[in-house]
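Reviewing the structure listed below.
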Amino acid sequence: MNQKSLIKQLTISAWNIHGLGDKSNDDFFLNSIKSDINILLETWKGECKEYNIPGFNTFSKIRKKKKKAKRHSGGILVYYKKIYSKGISHIQEGTNSQNRLWLKLDKNFFGLTHDLYLCAVYIPPVNSTHYENDYTQLEKEISTYSNKGQIALIGDFNSRTSSHPDFIENDDPDLFNIHSQNILPQNYDVDQFLKRNNQDKILNAQGNNLLELCLSSRLRILNGRYIGDSLGYFTCFTPNGLSTVDYAIVSKSLLTSVIYFKTNEINYLSDHAQIEIFLKCNISEKQYLFPEDKWKTMKSYKWNDNSKNILIQTISSENFINEIINFETKKYSENQNGIDQAASELDLILCNLTEKSCTLRHATFSKSDSIVINNRNDKTFVRWKSEQKSEYVDRIHNDPEGILTTVMNKLDELSVNNDATQNDINSIVLDISKNFTDAAAETFGKINKHKHVYKHENSKPWFNRKCSMSRKNFIKLERDIVF
């Protein structure tokens with residue numbers, strides 16, 4: 044059976060955070076770390092093991108601290124979602140520079156045509172003591188990995204390129220005809236004109252180096268070319284002025300996979316704007332879904348004759364009452380991390396209560412009947428069928444009634460107005476739930492809750508519905524007649 048695609052978009056962001064400090068505790072910062080891969084530059088930190096965010100794994104690179112320095116400088120920290128752990132690897136030998144970090148995104152996991160070699164880049168200013176002739180070294184690294192796959196660079200290049208071309212202008216293979224023979228390779232890919240807007244009108248020496256790198260390595264700048272940054276917005280805001288120095292740059296052959304590129308608004312956390320790429324991908328359910336064989340390890344509890352009394356005693360105990368009071372009075376962050384923490388702690392309380400009052404047993408799920416979804420309105424339920432899960436996912440994505448489109452419009456409206464009420468949230472949750480339950484009903488069908496359905500093989504194919512009705516009538520007639 045062909046594997047269906049569940050995730051068709053991959054997001055990668057980069058942000059010169061201008062010192063991580065205690066920003067990892069800031070709600071706005073945590074809400075900004077929402078891409079699939081989040082690259083933070085200039086963290087000014089050593090080892091970053093203590094900067095954990097639920098749901099994410101990390102890679103990091105530190106710059107050696109000088110003896111007389113009061114703090115670290117440089118530093119790269121990458122947060123990537125745990126569900127992508129199998130598809131992302133850190134190429135530790137990718138560079139000798141402390142200013143770059145190379146990652147490999149596996150083509151089979153992400154459903155790409157080629158492996159993607161992603162480099163988190165920080166190019167120091169030329170007058171910095173940390174400048175290491177970075178462009179020359181970076182070009183060598185790109186040459187190595189471009190033979191193995193496609194390239195994506197993202198980060199702070201400290202380079203101002205104005206709107207100067209990053210491609211060969213007026214490229215024409217006929218210009219290389221010598222004595223009626225073209226000296227170019229047969230598979231030569233002619234450069235096409237690609238307009239690039241940039242609000243920063245200055246070109247500096249570093250900008251020239253970046254443009255030459257793009258020409259020699261057949262890379263293209265995304266800034267100023269895609270929806271989300273069509274005007275080429277400024278990315279750096281300092282007392283000395285505004286500039287565009289943060290870029291996303293990809294192989295020319297990868298341009299067709301770019302959905303859009305976005306420059307986010309500047310905020311109080313840094314003098315640089317966060318930039319973000321949206322790429323096409325095809326992550327199949329075999330990579331993403333929870334393995335079927337793992338469902339059998341889930342705990343299940345059975346209510347017995349003693350459960351009621353034990354439950355009453357437990358919830359009346361001083362320990363349980365204190366647990367509930369502590370949970371209700373504890374303050375959680377008003378963000379996704381706070382919600383996750385509260386849900387986890389409440390789940391632990393309920394699990395402990397269940398273990399004390401019920402009998403533990405291991406749940407068993409068959410292929411044809413593994414999960415039951417209740418529907419109280421029409422008193423029916425839908426049985427999950429593993430062999431139809433692909434159809435179920437497709438039905439959700441197709442969204443024939445336009446429920447998800449309506450939800451997205453509501454969210455956009457609430458985002459603009461910034462005045463969401465509890466009723467608005469409830470309405471959105473109900474719409475999403477309806478899409479799931481409708482998809483389940485259409486895919487798996489409905490069964491009357493109060494009607495017993497016996498599944499067995501029909502060993503008498505000749506005994507059809509007509510025969511069954513005749514037998515019932517005969518039995519009824521036999522019962523009513525008195526001899």
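The numbering of the sequence shown is our numbering, which starts it at 44 and goes up by one. We put the beta carbon where it would ideally sit given N, CA and C, even for glycine. Bear in mind the structure is a predicted one, so any value in this text is a computation, not a measurement.
Other residues of its chain near ILE270: CB distance less than 7 Å, five sequence neighbours each side excluded: On the sequence shown, residue 270 is found 227 positions in, with the first residue counted as 1. Closer than 7 Å at the Cβ level, and outside the excluded window around ILE270, lie TYR303.
Assigned secondary structure, HIS440 (DSSP; H/G/I helix, E/B strand, else coil): Start at 1 with the first residue of the sequence shown, and residue 440 comes out as number 397. Here HIS440 sits in helix by DSSP.
Own chain residues within Cβ distance below 7 Å of SER376, not counting five before or after: Within the sequence shown, numbered from 1, the residue matching residue 376 stands at position 333. So the list reads ASP70, once near-sequence residues are dropped.
Sequence-distant residues of the same chain with beta carbon closer than 7 Å to ASN310, five excluded per side: Here residue 310 corresponds to residue number 267 of the sequence shown, with the count starting at 1. Excluding sequence neighbours, ASN310 sits near PHE71.
Buried/exposed call for ASN176, threshold 16 Cβ in 10 Å: Start at 1 with the first residue of the sequence shown, and residue 176 comes out as number 133. Exposed.
Test item: CB-CB of LEU84 and ILE126 under 7 Å: Here the question's residue 84 lines up with position 41 in the sequence shown. Here the question's residue 126 lines up with position 83 in the sequence shown. No, these two residues do not count as a Cβ contact at 7 Å.
N- and C-terminal bounds of the alpha helix (DSSP H) containing GLY381: Reading the sequence shown from its first residue, position 338 is the one you call residue 381. Counting along the chain, the alpha helix (DSSP H) containing GLY381 begins and ends at 379-400.
Rounded straight-line distance, which links the Cα of PHE236 to that of ILE96: Here residue 96 corresponds to residue number 53 of the sequence shown, with the count starting at 1. Here residue 236 corresponds to residue number 193 of the sequence shown, with the count starting at 1. Rounded to the nearest angstrom, the two C-alpha atoms are 43 Å apart.
Beta-carbon proximity list for ALA163, same chain, < 6 Å, skipping 5 on both sides: Along the sequence shown, read from residue 1 onward, the residue named residue 163 stands at position 120. So the list reads ILE82, ILE119, LEU144, GLY198, once near-sequence residues are dropped.
Whole-angstrom distance between GLN384 and ILE439, CA atom to CA atom: Counting from one through the sequence shown, the residue named residue 439 turns up at place 396. Counting from one through the sequence shown, the residue named residue 384 turns up at place 341. Going from the Cα of ILE439 to the Cα of GLN384 covers about 29 Å.
Whole-angstrom distance between LYS88 and ILE31, CA atom to CA atom: For residue 31 there is no data in the structure shown, the boundaries of the chain being 44 and 526.
First through last residue of the alpha helix (DSSP H) which encompasses GLN465: Your numbering for residue 465 matches position 422 in the sequence shown. For GLN465, the uninterrupted alpha helix (DSSP H) run begins and ends at 465-487, by DSSP.
Cut-off 6 Å between Cβ atoms - residues of its own chain near LEU63, not counting five sequence neighbours on either side: Residue mapping note: residue 63 aligns to position 20 of the sequence shown, counting from 1. Counting only Cβ-Cβ distances below 6 Å, and skipping sequence neighbours, we find THR86, LYS88.
Rounded distance between the beta-carbons of THR138 and GLU184, thought under 8 Å: The count along the sequence shown starts at 1 and reaches residue 184 at position 141. The count along the sequence shown starts at 1 and reaches residue 138 at position 95. 6 Å between Cβ atoms; contact.
Sufficient close CB pairs (3 or more, under 8 Å) joining the stretch 275-287 to the stretch 315-326: yes
Per DSSP, cross-strand counterpart(s) of GLY284: Locating residue 284 in the sequence shown gives position 241, counting from the first residue. The bridge partners DSSP lists for GLY284 are THR281.
Reduced DSSP secondary structure (H/G/I, E/B, other) of ASP199: Along the sequence shown, one-based indexing puts residue 199 at 156. DSSP places ASP199 in strand when its eight states are reduced to three.
When ASN378, GLU434, ILE471, ASN170 are compared against MET451, the one with the closest alpha-carbon: Locating residue 451 in the sequence shown gives position 408, counting from the first residue. Minimum Cα distance to MET451 is reached at ILE471.
Cβ separation of HIS528 and GLY117, assumed to be a contact under 8 Å, to the nearest whole Å: The chain is shown from 44 up to 526; residue 528 falls before or after that span and cannot be answered.
Boundaries (first-last residue) of the beta strand (DSSP E) holding ASP158: Here residue 158 refers to the residue found at position 115 of the sequence shown. No beta strand (DSSP E) holds ASP158; DSSP gives it neither H nor E.
Candidates SER360, GLU388, ILE355, GLN379: closest to PHE370 by CA position: Taking the first residue of the sequence shown as position 1, residue 370 is located at position 327. That would be GLU388, whose Cα lies nearest to the Cα of PHE370.
Length of the line joining the Cα atoms of ASN59 and VAL288: On the sequence shown, position 16 is the one that residue 59 refers to. On the sequence shown, position 245 is the one that residue 288 refers to. Taking the Cα positions, ASN59 is about 11 Å away from VAL288.
Backbone secondary structure at ILE60 - three-state DSSP: For this step, residue 60 is matched to residue 17 along the sequence shown. Three-state result, ILE60: coil.
Contact under 7 Å by Cβ, GLY250 with SER327: Translated into positions along the sequence shown, residue 250 becomes position 207. Translated into positions along the sequence shown, residue 327 becomes position 284. No, they are not a contact pair.
Helix, strand or coil at ASN516 according to DSSP, with G and I counted as helix: Residue numbering aside, residue 516 sits at position 473 when the sequence shown is read from its first letter. In this structure, ASN516 counts as helix in the three-state DSSP scheme.
Own chain residues within Cβ distance below 7 Å of PHE153, not counting five before or after: Locating residue 153 in the sequence shown gives position 110, where the first residue counts as 1. Closer than 7 Å at the Cβ level, and outside the excluded window around PHE153, lie LEU53, GLY130, CYS324, ILE326.
N-terminal and C-terminal residue of the beta strand (DSSP E) that ASP289 is part of: For the purposes of this step, residue 289 is taken as the residue at position 246 of the sequence shown. Per DSSP, ASP289 belongs to the beta strand (DSSP E) from 289-294.
CB of VAL121 within 7 Å of CB of PHE102, strictly: Counting from 1 along the sequence shown, the entry for residue 121 is found at position 78. Counting from 1 along the sequence shown, the entry for residue 102 is found at position 59. Yes. Within cutoff.
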